[in-house]
Amino acid sequence: MRKIKKGDDVMVIAGKDKGKRGTVLKVLDEHYIVVENINIARKHQKGNPQAGVPGGIIDKAMPIHVSNVGLYNPIKGRADRVGFKILADGRKVRVFKSNGEVVDV
1 MRKIKKGDDV MVIAGKDKGK RGTVLKVLDE HYIVVENINI ARKHQKGNPQ AGVPGGIIDK
61 AMPIHVSNVG LYNPIKGRAD RVGFKILADG RKVRVFKSNG EVVDV
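Sequential numbering of the sequence shown, starting at 1, is according to UniProt numbering.
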């Protein structure tokens, strides 16, 4: 089970986008994720008239290391660390380390 999954609301805790929040769009591997509107790079793209792709400069979300983001805790209003807990019914769930609230329901 991963600490950060696709669709999670995360906050950047280190780097040029520190303090920004976004939603995880894609988990590339165990170390890198792509977050919406975070780590934006400008890419010069060549057009392809047959595919209907226009040329020009586009903004693209680049991968960011998972150590530079934290899962957003709405109760605390900031990023928080994540741990795991096994419930009485045998399910393994993610919990916030600061207050023990369950992330997955």
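Even for Gly, the Cβ is constructed at its ideal location relative to N, Cα and C.
DSSP three-state label for residue i, please.
| i | result |
| --- | --- |
| Val-66 | helix |
| Ile-4 | coil |
| Lys-18 | coil |
| Arg-81 | coil |
| Gln-45 | strand |
| Gly-56 | strand |
| Ile-38 | coil |
Would residue i pass as a contact of residue j if the rule is Cβ separation under 9 Å?
| i | j | result |
| --- | --- | --- |
| Glu-36 | Gly-15 | no |
| Val-12 | Ile-38 | yes |
| Asp-80 | Lys-60 | no |
| Leu-71 | Val-10 | yes |
| Lys-5 | Val-27 | yes |
| Asn-48 | Asn-73 | no |
Quick check on residue i: buried or exposed, where buried means 16 or more other Cβ atoms within 10 Å of its Cβ?
| i | result |
| --- | --- |
| Arg-2 | exposed |
| Gly-56 | exposed |
| Gly-77 | exposed |
Per DSSP, what are the beta-bridge partners of residue i in this structure?
| i | result |
| --- | --- |
| Asp-9 | Thr-23 |
| Leu-28 | Paired residues: none, contrary to the question. |
| Arg-94 | Phe-84 |
| Asn-73 | Arg-78 |
| Ile-33 | Val-27 and Ile-64 |
Determine, using beta-carbon pairs with one atom in the segment 50-69 and one in the segment 24-32, whether at least three such pairs fall under 8 Å.
yes
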